[in-house]
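If you're matching them up, the sequences are chains P, Y and X in order. The numbering used here applies: residue 1 is where the first sequence begins, and numbers increase by one. The numbering used here applies: residue 1 is where the second sequence begins, and numbers increase by one. The numbering used here applies: residue 1 is where the third sequence begins, and numbers increase by one.
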Amino acid sequence: MRYLPKSPAERQEMLAAIGAKSIDELFESIPEKYRLRDALKLPGPFSEAEIIDYFKDRAKENSLGYTSFLGAGVYQHLRSVITDTILLRGEFLTSYTPYQAEIAQGTLQAIFEFQTLMCQLTGQEVANASMYDGSTATTEAVLMAERLTGRSRVLVARSLHPEYREVLQTYAKNSGLHVEEIGYTKNGTVDIAAVKAASKDDLAAVVLQSPNFFGVLEALPEIAEAAHAVGALLVVAIAEGVSLGAVRPPAEADIVAMEAQSFGLPPSYGGPFAGVIAAREKFVRQMPGRLAGETTDTEGQRGFVLTLATREQHIRREKATSNICTNQALCALAATVHLTLLGKEGLREMAEQNLAKAQFALSELEKIPGVKRAFSGPFFNEFTLEFPRSVRMINGELLREQIAGPLALGAAYPELTKHGLVCVTETTPRAEIERFAAAVRNILTKQL
Amino acid sequence: MAYPTNYRYTKEHEWVDAKDGVAKIGITDYAQNELGDVVFVELPAVGKKLETGKSFGTVESVKAVSEIYAPASGDVLEANGELQNKPETINSDPHGAAWLVKIKLSNPAELDQLMDSSAYEAYIATKGKEASA
Amino acid sequence: MNQKIKKASRHTNQNEGLIFEKSSPGKRGFELPPLDVPKVDVNKSLGTQHRREGIEGFPEVSEIEVIRHFTRLSTWNYAIDLGMYPLGSCTMKYNPRVNEFVARLDGIATEHPYQPQELSQGCLKILQLLEKCLLEITGMDAITLQPAAGAQGELTGLLLIRAYLEKQGNPRSKVLIPDSAHGTNPATAVIAGYQVENIKSESHGQIDVDKLRDLVTDDVAALMITNPSTLGIFEERIPEIAEILHARGALLYMDGANMNALTGVTKPGELGVDVMHLNLHKTFSTPHGGGGPGAGPVAMKKILEPFRPVPILVERDSGKLALEQVRPDSIGKVRAFGGNFGVLVRALAYILAYGPGVRQATEDAVLNANYIRKHLEGAYDLPYSLPSMHEVVFSDAIQKRKGVNTMDIAKRLIDYGFHPYTTAFPLIVPGALMIEPTESESKEECDLFIDAMKSIAEESAATPEVVKTAPHTTRVKRLDEVGAARKPVLRWKTASKSKAAD
Numbered sequence: 001m002r003y004l005p006k007s008p009a010e011r012q013e014m015l016a017a018i019g020a021k022s023i024d025e026l027f028e029s030i031p032e033k034y035r036l037r038d039a040l041k042l043p044g045p046f047s048e049a050e051i052i053d054y055f056k057d058r059a060k061e062n063s064l065g066y067t068s069f070l071g072a073g074v075y076q077h078l079r080s081v082i083t084d085t086i087l088l089r090g091e092f093l094t095s096y097t098p099y100q101a102e103i104a105q106g107t108l109q110a111i112f113e114f115q116t117l118m119c120q121l122t123g124q125e126v127a128n129a130s131m132y133d134g135s136t137a138t139t140e141a142v143l144m145a146e147r148l149t150g151r152s153r154v155l156v157a158r159s160l161h162p163e164y165r166e167v168l169q170t171y172a173k174n175s176g177l178h179v180e181e182i183g184y185t186k187n188g189t190v191d192i193a194a195v196k197a198a199s200k201d202d203l204a205a206v207v208l209q210s211p212n213f214f215g216v217l218e219a220l221p222e223i224a225e226a227a228h229a230v231g232a233l234l235v236v237a238i239a240e241g242v243s244l245g246a247v248r249p250p251a252e253a254d255i256v257a258m259e260a261q262s263f264g265l266p267p268s269y270g271g272p273f274a275g276v277i278a279a280r281e282k283f284v285r286q287m288p289g290r291l292a293g294e295t296t297d298t299e300g301q302r303g304f305v306l307t308l309a310t311r312e313q314h315i316r317r318e319k320a321t322s323n324i325c326t327n328q329a330l331c332a333l334a335a336t337v338h339l340t341l342l343g344k345e346g347l348r349e350m351a352e353q354n355l356a357k358a359q360f361a362l363s364e365l366e367k368i369p370g371v372k373r374a375f376s377g378p379f380f381n382e383f384t385l386e387f388p389r390s391v392r393m394i395n396g397e398l399l400r401e402q403i404a405g406p407l408a409l410g411a412a413y414p415e416l417t418k419h420g421l422v423c424v425t426e427t428t429p430r431a432e433i434e435r436f437a438a439a440v441r442n443i444l445t446k447q448l
Numbered sequence: 001m002a003y004p005t006n007y008r009y010t011k012e013h014e015w016v017d018a019k020d021g022v023a024k025i026g027i028t029d030y031a032q033n034e035l036g037d038v039v040f041v042e043l044p045a046v047g048k049k050l051e052t053g054k055s056f057g058t059v060e061s062v063k064a065v066s067e068i069y070a071p072a073s074g075d076v077l078e079a080n081g082e083l084q085n086k087p088e089t090i091n092s093d094p095h096g097a098a099w100l101v102k103i104k105l106s107n108p109a110e111l112d113q114l115m116d117s118s119a120y121e122a123y124i125a126t127k128g129k130e131a132s133a
Numbered sequence: 001m002n003q004k005i006k007k008a009s010r011h012t013n014q015n016e017g018l019i020f021e022k023s024s025p026g027k028r029g030f031e032l033p034p035l036d037v038p039k040v041d042v043n044k045s046l047g048t049q050h051r052r053e054g055i056e057g058f059p060e061v062s063e064i065e066v067i068r069h070f071t072r073l074s075t076w077n078y079a080i081d082l083g084m085y086p087l088g089s090c091t092m093k094y095n096p097r098v099n100e101f102v103a104r105l106d107g108i109a110t111e112h113p114y115q116p117q118e119l120s121q122g123c124l125k126i127l128q129l130l131e132k133c134l135l136e137i138t139g140m141d142a143i144t145l146q147p148a149a150g151a152q153g154e155l156t157g158l159l160l161i162r163a164y165l166e167k168q169g170n171p172r173s174k175v176l177i178p179d180s181a182h183g184t185n186p187a188t189a190v191i192a193g194y195q196v197e198n199i200k201s202e203s204h205g206q207i208d209v210d211k212l213r214d215l216v217t218d219d220v221a222a223l224m225i226t227n228p229s230t231l232g233i234f235e236e237r238i239p240e241i242a243e244i245l246h247a248r249g250a251l252l253y254m255d256g257a258n259m260n261a262l263t264g265v266t267k268p269g270e271l272g273v274d275v276m277h278l279n280l281h282k283t284f285s286t287p288h289g290g291g292g293p294g295a296g297p298v299a300m301k302k303i304l305e306p307f308r309p310v311p312i313l314v315e316r317d318s319g320k321l322a323l324e325q326v327r328p329d330s331i332g333k334v335r336a337f338g339g340n341f342g343v344l345v346r347a348l349a350y351i352l353a354y355g356p357g358v359r360q361a362t363e364d365a366v367l368n369a370n371y372i373r374k375h376l377e378g379a380y381d382l383p384y385s386l387p388s389m390h391e392v393v394f395s396d397a398i399q400k401r402k403g404v405n406t407m408d409i410a411k412r413l414i415d416y417g418f419h420p421y422t423t424a425f426p427l428i429v430p431g432a433l434m435i436e437p438t439e440s441e442s443k444e445e446c447d448l449f450i451d452a453m454k455s456i457a458e459e460s461a462a463t464p465e466v467v468k469t470a471p472h473t474t475r476v477k478r479l480d481e482v483g484a485a486r487k488p489v490l491r492w493k494t495a496s497k498s499k500a501a502d
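So, in structure tokens, the structure goes:
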């Protein structure tokens with residue numbers, strides 16, 4: 001077997017050196033009746049070519065050839081081939097967590113650069129080396145706010161991604177957190193009056209997303225004021241990081257929980273991605289996840305180490321800030337490479353292309369009788385449309401045109417039964433936007 | 001390093017220096033030696049009520065965190081702000097400048113339960129033997 | 001150093017600053033295709049209150065500089081592609097490159113989790129096949145592929161237990177954890193809302209079954225066991241342990257980090273385990289990538305099936321696969337979307353490469369560990385003498401006599417061209433050296449490792465200073481971790497003038 005570097009002769013030599021007659025002797029500590037006699041029933045063994053064929057066959061059964069208008073927390077963006085060139089270097093791909101700093105300076109410096117980029121993007125003072133994804137980063141940010149304030153009540157916007165809210169609920173059930181949902185206004189933004197009414201001195205945090213799940217940008221200063229007035233923290237989740245190329249970062253936030261998937265990570269059917277927590281420096285000791293810090297060696301040379309490890313599970317055990325051990329390091333590296341390639345101007349240009357494409361798509365779609373935008377607030381690359389017919393029906397028809405249509409919102413928001421979330425990025429060609437609009441127009445006309 | 005004879009000591013390696021109902025509390029030279037270079041100290045706020053035997057803060061090195069247990073009960077009058085900037089004082093002067101908190105003792109008689117310096121020195125000598133056994 | 005040592009030992013000494021230090025306005029590394037729709041006025045679209053003026057300090061470098069920068073950084077890392085990582089309980093085995101290839105295929109990497117299920121049958125088939133394979137390997141009844149890592153798997157497992165017990169009327173309040181357990185175990189138990197009660201190991205390093213009998217009350221929800229233990233020793237009495245727990249209505253959770261000793265040889269489900277997680281980035285070869293991503297699927301007995309996180313993969317009568325989002329008793333979700341799909345693809349590719357012959361990998365892993373143990377016994381103190389499986393734990397007791405400890409030995413091992421073993425863990429062995437070679441190591445590499453460790457043992461006795469001040473051949477010497485913790489510098493700042501590497 002090509003992954004096993006032993007010849008039968010070598011195995012015999014080694015057994016002899018140990019003084020065992022057969023390999024079975026080495027498994028005698030497993031009681032006989034529990035030792036398997038037969039081989040496992042598994043497919044294979046496959047040669048390299050057969051493995052590739054298996055996955056190519058599966059790929060043919062997916063969405064190749066379709067144009068997608070889906071976003072909702074996972075975004076199709078340009079990514080350079082250079083990202084993989086770097087990621088596939090064995091020294092990055094197959095290296096371990098950098099606990100032995102002297103032989104992991106590559107990883108550690110890259111993490112330090114990632115932390116810096118995340119701070120620059122979000123306008124915060126410190127950022128960690130990654131969490132699993134945006135949903136768990138948001139959850140951990142809320143738990144962090146709970147620890148920092150010593151309070152257990154949180155207000156969560158309904159316009160925060162439904163799956164992020166579900167994950168928060170799953171974790172909250174066991175941590176004594178009381179989660180209350182705050183609704184949205186007809187602009188699609190958080191109901192600030194409701195936030196103010198619900199802000200009392202037992203409040204740990206107000207949690208929202210911007211751009212929110214409906215694609216709308218939130219007005220943060222007023223909400224921050226309401227939260228801070230009662231000593232609560234403002235937690236802002238960001239699912240579409242590219243927005244930060246054109247949109248002001250949430251400076252009023254105390255903690256930012258960001259999903260970095262948009263920075264050079266393919267959609268990959270939902271993962272692996274990379275979450276980030278960025279916050280004010282004074283909160284760093286309550287921040288979960290690894291942190292790389294700058295230091296010097298015995299000869300005064302600059303180097304990097306994992307630091308403030310006493311927050312983490314391997315030292316603090318039951319008193320740790322989180323149980324996280326393995327994180328999303330390689331995904332964070334992908335984001336680091338991607339962002340340094342794009343640079344200041346590239347990210348700005350990408351963001352502006354997204355804005356332009358989304359505006360164009362909206363104007364084309366609004367020309368269709370009966371189709372209108374549901375919310376009036378400013379948006380980045382996603383917007384919610386109200387249709388005269390069921391979105392499911394429209395999407396079913398769109399599939400025949402090889403188009404994966406907008407996300408129907410009715411399942412997560414029962415009051416939005418005829419609403420669909422449309423996402424357009426710099427990767428969607430104009431011709432496809434026009435074809436999509438024409439197809440929707442046809443479908444709606446036929447149905448009359 | 002000498003263990004001041006007028007201090008009292010706990011099994012968890014805290015020391016108490018009491019006078020007129022007010023006590024200074026710190027950790028011993030033995031404790032700081034076990035911990036290694038101290039990087040951070042977490043102390044309670046003024047006014048916090050300490051309960052005998054309960055943890056009231058932590059002392060951290062790079063690789064470990066130690067809880068600090070109250071040797072006696074009382075209210076925190078002052079926490080040593082110096083240690084936020086210079087936690088290394090705990091390593092260099094654990095019995096003097098590195099006091100952690102000053103408390104108003106609610107029951108000074110509690111201190112009679114604690115070890116004096118010779119009892120403490122004997123105690124850590126046996127600990128030393130255990131470690132190398 | 002002993003002149004006979006053949007292994008390469010010098011790290012490249014390229015100097016390289018931070019990417020921000022190479023930045024200069026006007027440079028770009030990536031260009032976008034031109035916009036094919038009308039440009040928009042950003043102020044008008046977003047409103048001035050939302051407009052960003054630019055990202056201060058963001059790098060501006062060219063493509064060649066990005067390539068050089070990261071290529072140079074990579075040369076500072078040790079990696080599996082270069083040599084052995086004898087890290088105990090990490091299972092640093094070869095990361096097959098075909099796994100990287102298939103995970104990147106168009107039609108695999110490009111799929112959106114919300115696309116219609118009729119357009120995702122390929123993805124769903126991959127998930128279904130992986131589920132079947134992992135159930136066969138573990139001997140369990142049901143599985144969730146959602147958790148993003150082992151620790152998240154542990155949390156999921158405990159939440160499943162809690163939900164199950166709650167449905168019976170009482171979630172209970174305690175979880176028992178051996179003092180040899182990995183730190184994620186107690187951290188996780190607390191997050192799941194349980195109190196941790198530590199159970200001390202007995203003199204052979206195994207779970208003290210008599211003590212367990214006393215500790216298992218009606219208030220105990222579960223015992224979290226690692227098998228083989230973190231000492232690399234099989235918990236022989238695990239079926240008895242399961243019985244004790246079950247008799248009191250408690251469950252047995254198994255931390256599957258050490259599955260590399262069991263795959264194809266025994267099934268945890270048959271040993272009495274009720275629920276366990278797997279670490280795909282350990283046993284199933286997905287790359288560590290400097291710290292992640294991983295995946296921590298959780299396999300369970302039927303009683304826990306109804307509580308699985310949603311969505312659930314089902315097969316309809318038509319043969320089509322679907323994801324069901326609603327299950328009344330589900331614990332909810334531990335992360336958004338279905339899981340680390342890209343990692344799951346790699347794990348499946350690994351399993352397909354081996355097929356039923358995967359037992360050979362387990363046998364080779366155990367063979368390597370025992371070969372190393374045999375050759376180092378005597379040079380290093382062996383605190384627990386029961387048979388080792390895929391890993392062996394020594395202690396630094398002998399070397400301590402000359403003031404050399406496990407950290408020092410680990411650092412000196414770097415000079416011999418190896419990554420250190422796991423130091424100072426498990427906690428029950430003071431001064432531990434935890435060594436797991438995995439099946440990916442040839443006899444040659446094992447011999448080089450043994451030679452290095454023997455040489456270091458000799459040095460520790462004859463010239464301990466050399467060991468205590470190691471490493472000597474790395475680009476950076478021992479780094480000041482104390483300074484880094486006292487005054488943390490966690491990012492580059494525009495005005496900073498940090499002393500660059502000379």
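Just so it is clear, CB atoms sit at the ideal spot from N, CA and C, and this is done for glycine as well.
Counting along the chain, where does the beta strand (DSSP E) carrying residue i start and finish?
| i | result |
| --- | --- |
| F304 (chain P) | R302 to L306 |
| V59 (chain Y) | S55 to S61 |
Please report whether the beta-carbon of residue i lies at a distance below 7 Å from any beta-carbon of chain Y.
| i | result |
| --- | --- |
| V482 (chain X) | yes |
| T310 (chain P) | yes |
| A485 (chain X) | yes |
Assuming residue i and residue j make a contact with CB atoms under 8 Å, what is their CB distance in whole Å?
| i | j | result |
| --- | --- | --- |
| S23 (chain X) | V61 (chain X) | 6 Å |
| L87 (chain X) | H375 (chain X) | Not really, about 19 Å apart at Cβ, beyond 8 Å. |
Looking at chain X, is there any beta carbon in it that lies within less than 7 Å of the beta carbon of residue i?
| i | result |
| --- | --- |
| E299 (chain P) | yes |
| V138 (chain Y) | Past the edges of chain Y, shown from 1 to 133, lies residue 138 (chain Y), and the structure says nothing about it. |
| S159 (chain P) | no |
Please check if any C-beta of chain P sits within less than 7 Å of the C-beta of residue i.
| i | result |
| --- | --- |
| V65 (chain Y) | yes |
| L280 (chain X) | no |
| E51 (chain Y) | no |
| D451 (chain X) | no |
| E88 (chain Y) | no |
| I143 (chain X) | no |
| Q115 (chain X) | yes |
At what residues does the alpha helix (DSSP H) containing residue i begin and finish?
| i | result |
| --- | --- |
| K357 (chain P) | A329 to E366 |
Residues, ordered as in the chain, of the segment 312-341 of chain P that lie near chain Y by beta-carbon distance below 8 Å: I315, R316 and K319
Contact list for the segment 19-46 of chain Y against chain X, Cβ threshold 9 Å: G36, D37, V38, V39 and F40
contact_flag[the segment 110-119 of chain X, the segment 464-476 of chain X] where n(CB pairs < 8 Å) is 3 or more: no
Contact set between the segment 85-107 of chain P and chain X, restricted to residues whose Cβ is under 9 Å from the partner: T85, I86, L87, L88, R89, G90, E91, F92, L93, T94, S95, Y96, T97, P98, Y99, Q100, A101, E102, I103, A104, Q105, G106 and T107
The segment 322-338 of chain P in contact with the segment 279-291 of chain X per 3-pair CB rule at 8 Å: yes
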